[in-house]
Each structure stands twice: as structure tokens, then as C-alpha cells.
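Below is one structure; the comments refer to it alone.
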Amino acid sequence: MTRRRVLLQTRIARHIAFAVVVSLVLSALVLVVFRHHAVRRNMERSARTYASLISERLTEQFGFFGTGGKGVVDQQIAQLRELNDDIERLEIVDVRGKVVLRAEGNNVVLFGEGIESPMVTDRELLRAISGLETTAVQVTEADGSDAYRVVAPVVKQWGEHVYSLVGTFTYANVDRQLRSSLWLSALILAVGLGLTQWVSVTLAGGITRDVEVLRAGVMRIQEGRLEERVSIDSRDEIEELADAFNLMADELVATIRQLREANRELETLDQTKADLVANVSHELKTPLTALRGYLELMAEGGLGSISEESIRAVMVCRKNVERLSLRVEELVQLSRLDRFTSLDSAREEIELNSILEGIIDTFRPRMEGGGVHFVLQVQPDLWALQANPEQIERVFLNLLDNAVKFTPKGGTVLVLAEACDHEQRQGVLVRIQDSGVGIPPTELVRIFDRFYQVDPSSRRRFGGMGLGLSLVRSIVEAHRGAVWAESEEGIGSTFFVWMPFGDFGQDGTSQGGPSVRLEEADGDRTAVREA
Numbered sequence: 001m002t003r004r005r006v007l008l009q010t011r012i013a014r015h016i017a018f019a020v021v022v023s024l025v026l027s028a029l030v031l032v033v034f035r036h037h038a039v040r041r042n043m044e045r046s047a048r049t050y051a052s053l054i055s056e057r058l059t060e061q062f063g064f065f066g067t068g069g070k071g072v073v074d075q076q077i078a079q080l081r082e083l084n085d086d087i088e089r090l091e092i093v094d095v096r097g098k099v100v101l102r103a104e105g106n107n108v109v110l111f112g113e114g115i116e117s118p119m120v121t122d123r124e125l126l127r128a129i130s131g132l133e134t135t136a137v138q139v140t141e142a143d144g145s146d147a148y149r150v151v152a153p154v155v156k157q158w159g160e161h162v163y164s165l166v167g168t169f170t171y172a173n174v175d176r177q178l179r180s181s182l183w184l185s186a187l188i189l190a191v192g193l194g195l196t197q198w199v200s201v202t203l204a205g206g207i208t209r210d211v212e213v214l215r216a217g218v219m220r221i222q223e224g225r226l227e228e229r230v231s232i233d234s235r236d237e238i239e240e241l242a243d244a245f246n247l248m249a250d251e252l253v254a255t256i257r258q259l260r261e262a263n264r265e266l267e268t269l270d271q272t273k274a275d276l277v278a279n280v281s282h283e284l285k286t287p288l289t290a291l292r293g294y295l296e297l298m299a300e301g302g303l304g305s306i307s308e309e310s311i312r313a314v315m316v317c318r319k320n321v322e323r324l325s326l327r328v329e330e331l332v333q334l335s336r337l338d339r340f341t342s343l344d345s346a347r348e349e350i351e352l353n354s355i356l357e358g359i360i361d362t363f364r365p366r367m368e369g370g371g372v373h374f375v376l377q378v379q380p381d382l383w384a385l386q387a388n389p390e391q392i393e394r395v396f397l398n399l400l401d402n403a404v405k406f407t408p409k410g411g412t413v414l415v416l417a418e419a420c421d422h423e424q425r426q427g428v429l430v431r432i433q434d435s436g437v438g439i440p441p442t443e444l445v446r447i448f449d450r451f452y453q454v455d456p457s458s459r460r461r462f463g464g465m466g467l468g469l470s471l472v473r474s475i476v477e478a479h480r481g482a483v484w485a486e487s488e489e490g491i492g493s494t495f496f497v498w499m500p501f502g503d504f505g506q507d508g509t510s511q512g513g514p515s516v517r518l519e520e521a522d523g524d525r526t527a528v529r530e531a
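Residues 1 to 531 (full-length UniProt numbering) are what the sequence shown spells out, left to right.
Given below as C-alpha cells:
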């Protein structure tokens, strides 16, 4: 899943906007809450003051005019209501709890003649009415709304306490102011958000402009334009980063130049080495051929009769000349593969069965003399390989030579060839299995390296320079095949060679006999047989 790319400028703008918006929201909430409490306290303080101021005046009017002066009382209450918008209800109650006047909205009721006075039943309210101090408390009305109730006793100069004014004040205006404050805060927040977005984008653009210049320079370097440099004059960390990047680019150019020079030197040395090996090998082949010819002629008596001891000496010389010729031939083959990695021009259709049988015939006297048993199993009707016959013969000569060399007397060498599919390509898999001492697991990864031997002492015992398996790998890989080994110490080793059929037998038909495919996991190959 591809991650969505977010520009640095956008990220910075988002962070700035988020910080400012959070600050604005918190500030607005704090201001609204404090203002709401302040307005509420002002309303309550105003209600207490208002009730204390009008209580004596209103009770005097009621006491003077009584129930017969309703019109005057109505007019007086109307005037008093204009002084405070929060009044919900005004009541005059005597100390026994009898309501003698109630003004609610525009409705004023004077209780007395013909109208039964209601009684106050709330004990807390009765206690406040009978007291001599102004008290106030928040109450809940019948409709569930909050109200502020103030009880202001009316005490005459001579200490007589007959009535108390009970004023009920609503919080409606406070709530309206709260809603207005919220709407105003929301409007300010919206405007602030827009301004914040504009300012944050502008600021982020200034910050990321130099970063974009640096990024463009990196991309040009990535495209191979190593001469490019970044010029930033910001007098901050970004300028330091640009200077460090330019220094890194200079060092990269210098390193690449050194690597190219070193590579050219290595190529020159490698070519010189290859030329030397090729020249020396060819120069050695001529005298070795002459030596081998004369030694054979001497052994056969062509130069006159010689003693048995001389014949044995000639045979020893002949054997060592043949060994040296084999080493020289390996060097020649490696030199040829180094120069020409592709063998397409020398390929032809070959029968693997014929090559294997011919190699077995070559090794048969040696195996019979060493007491080594041999088993060859080749799947019938194998398609022909398109390969260089000389090189393929060299591969199996080297592998079988190692198998016979390291298999003790009474051991067995098994050669099995069968059709095998690998990476949707059809080919043949050849296994060469011996019953020798085996190879340590830590050495398996290096046995195909040039001049490497598992046990250096084996060079003295068995001869060789450690080039055989390296030559095998070079030839097989030049044919677009694969070679690897499996081994267990004390039991033996198995070498696998997989070769593609090439242009022959690619019509999609299946081979006769068992079907095998190669599976790879963590760099290890496994041949899996299918039913």
C-alpha cells in the first residue's frame, strides 16, 4: 500500500493552524465562562439591591391604599418593573406567611376582600420571611427553570416587622447574554481560523521554500547531475544543512572519481593477469605436449629398450606431466571464460546421456582399481541440450573426478539425470553423489571460489589448485544454468547441476518419467519430486 505524500508546507501550516485554533477555542471558552459568571453575579447583586430598595416603598403604598387602591398599586409596580428587567414575580407576605400582594408579569393581584390569600408552606421561605435580614437563594421554578429569590424584610423605625418583600428574578437575560457571547465567540473563531490559515500557509511557505530548494538539489544529484550545488542564504540551520549537503556532494564526486580510477586500474590488472595466464598456459602447453609424446614413446620402446626401473621412472614422469597438463588446461579454460562470458557461438545440440557415458568409460579403470562402485541413471527420452559440448564435458569431468577422488574404497558414486523445471523454464538436473568424508556446512559457500580448497593439506594429498569447481560454476552460469552442493560430514556430498534445454524441446510438452521442480527459499535450492 502506497503512503499518501503530504507536503512539508502543508504539515507546518496544519500544525500552526491547530495550535492557534486550540488557543482561540480555549481562550474563548475561558472568556465566555468568566463573563457568564460575572453577569450572573451582577444580576444577583442587582436583584438584592433592588429588592432592598423597593421593599419599603411598595409596602407603604400597599398599606396606605390597601385593596381599594389597586390602580395606584398597579401603576407603582409598573414603574418599579421598568427599573429591573429580570423581575419575574413580586410578592408582599406578612410574617405569618400570608401572601397579600402578588405581581407576576402585567397581572397584579391584591388578596383580601373577596379573594382568599394563599399561604406560604416552604419552611425555608417562612424562616426568611420572619427574619430581619435580607436573604437570597437560587431556586428552581415549577417549569424547571432556575430563578433567584430575594427576601427583603420591611422593618419600621420602631422595630415593627409586619411584611417582607419576596422578589423572584429570572436568569433569562443572563442566558441570552451567554448565547450571544457564544455566537460572537464562534464568529471570531471562524474569522480567526481563516486568518490563521492564511498566516500559517504564508509562514510555512517561507520556512519550506529553502527546504524545497534543498530537495530539488538532492533530486538533481540523484538524477546523476553531480556538478549541481545548492545555494541557500537563510542564515539558519537550513543554510548549514545546505553547506553540509554541498560538502557531501563534493566528497561523493571525489569518491566516485577515485572508484573509477581504481576500477580502471583493476580492469587493467585483471586484463594483464588474464593475458599472463593465457600466454603462460599456451606457452606451457607446447613443451608439455612434447614431453608427453617423448615419454609415451620411451615407455613403448620407440627409442630403444630400457630397464624396468627406467620404465617406472618414465611412467611417474608421464603421470605428473598429465597432471600438469590438466592444471594448465584449467587455466586456459578460465582465461577463455573470463574473456568470453557467452558461449552462444559455440553451442550445438548435444545428448547428455552420451556425454555422461563417455566420461564414465574414462573413469572406469580408475574406479575399478580403487574399488569404487558406480551407478548411472539417466531418464529416458531426455530432450537434447543446446550447449558447448567441450565445456559441458569439462563440467562433469571435474565433478566426477572430485567424486572418485574423495570416495574411499568400497564407496559408491551415483549419477542421476532427469528433467526438472526451474523458474518456469524446462531443463535437466544432474546429481553427482559420493560417499566420501563430506564438506563442513561453513565451507559450502566458498567451495566454488577460485583457488579455494576445504583442506589445504588435500593439495599435497590429491593435487590440484582449487580451480576445478570454480571452472564448473563459470561454465554452468555461462550456459544460464545453476550449480550448488549439499553435504553432510561423514556421509558424503551431492553436487547438483541444472541446465536449461535452450531452444530445443520448448513446445510445452512434458518429459516422460518423473517430474521434478526446483524450489528456492532463503537462498537454498531444493529439488521437489512431483507425482
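Positions of the beta carbon are idealized from the N, C-alpha and C atoms, including for glycine.
- Residue state for His-37 is assigned as helix, using DSSP reduced to three classes.
- Assignment of beta-bridge partners to Ala-152 by DSSP yields Leu-165.
- Distance from Glu-88 to Phe-169 at the Cβ level is roughly 6 Å; contact confirmed, criterion being Cβ atoms closer than 8 Å.
- Looking at the DSSP output, Met-119 sits in a beta bridge with Lys-98.
- Considering only Gly-144, Ala-387, Thr-208 and Ile-77, the residue with the shortest C-alpha distance to Gly-167 is Ile-77.
- Annotation: Pro-440 to Trp-484 spans about 14 Å, alpha carbon to alpha carbon.
- In this structure, the beta-carbon distance from Val-253 to Leu-291 does not fall below 7 Å.
- Going by beta carbons, Pro-500 and Arg-480 fall inside the 7 Å limit.
- Between Asp-94 and Tyr-163, the gap from beta carbon to beta carbon is short of 7 Å.
- Annotated as proximal: Leu-295 and Arg-318, with beta-carbon spacing under 7 Å.
- Rounded to whole angstroms, the Cβ separation of Val-218 and Ile-238 is 13 Å, and the two are not in contact under 8 Å.
- Gln-386: member of the beta strand (DSSP E) spanning 385–387, first to last residue.
- In the three-state scheme derived from DSSP, where H, G and I count as helix and E and B as strand, Ser-487 is classed as strand.
- Here Arg-102 has Glu-91 and Val-109 as same chain residues with Cβ atoms under 6 Å from its own Cβ, once five neighbours each way along the sequence are excluded.
- For Phe-448, the closest alpha carbon among the candidates Ser-470, Val-437 and Thr-442 is that of Ser-470.
- Linking Asn-402 to Arg-257 through their CA atoms gives a straight-line distance of about 45 Å.
- In the three-state DSSP reduction, Phe-111 falls in the coil class, being neither helix nor strand.
- Shown here, His-479 sits in coil according to DSSP, grouped into three states, outside any helix or strand.
- Sixteen is the threshold: when 16 or more other Cβ atoms of the shown chains lie within 10 Å of the Cβ of Ile-221, as they do, the residue is buried.
- In this structure the region 310–329 does not lie against the region 361–371, because fewer than three pairs of beta carbons, one per stretch, are closer than 8 Å.
- Note on geometry: alpha-carbon atoms of Ala-147 and Gln-197 lie some 43 Å from one another.
- In this structure, Val-372 places its C-beta atom within 7 Å of the C-beta atom of Gly-411.
- DSSP places Phe-495 within a strand segment (E or B) once states are collapsed to three.
- When only Cα atoms are considered, Asn-173 and Gly-205 end up about 47 Å apart.
- When the beta-carbon positions are compared, Asp-86 and Met-43 come within less than 7 Å of each other.
- A Cβ-Cβ separation of about 7 Å places Ile-350 in contact with Ile-392 under the 8 Å criterion.
- The Cβ-Cβ distance between Val-21 and Leu-193 falls below 7 Å.
- Residue pairing by DSSP places Arg-425 opposite His-422 in a beta bridge.
- In the three-state scheme derived from DSSP, where H, G and I count as helix and E and B as strand, Thr-134 is classed as coil.
- The Cβ atoms of Thr-134 and Ala-152 sit closer than 7 Å to each other.
- With fewer than 16 neighbouring CB atoms inside 10 Å of its own CB, Gln-79 falls in the exposed class.
- Judged by DSSP in its simplified three-state form, Phe-396 adopts helix.
- Contact check for Gly-490 against Gly-438 passes: the beta carbons are separated by less than 7 Å.
- The Cβ atoms of Ala-136 and Arg-48 lie closer than 7 Å to each other.
- For Leu-352, the enclosing alpha helix (DSSP H) has its first and last residue at 352–370.
- Closest in alpha carbon position to His-15, among Leu-203, Arg-57 and Trp-183, is Leu-203.
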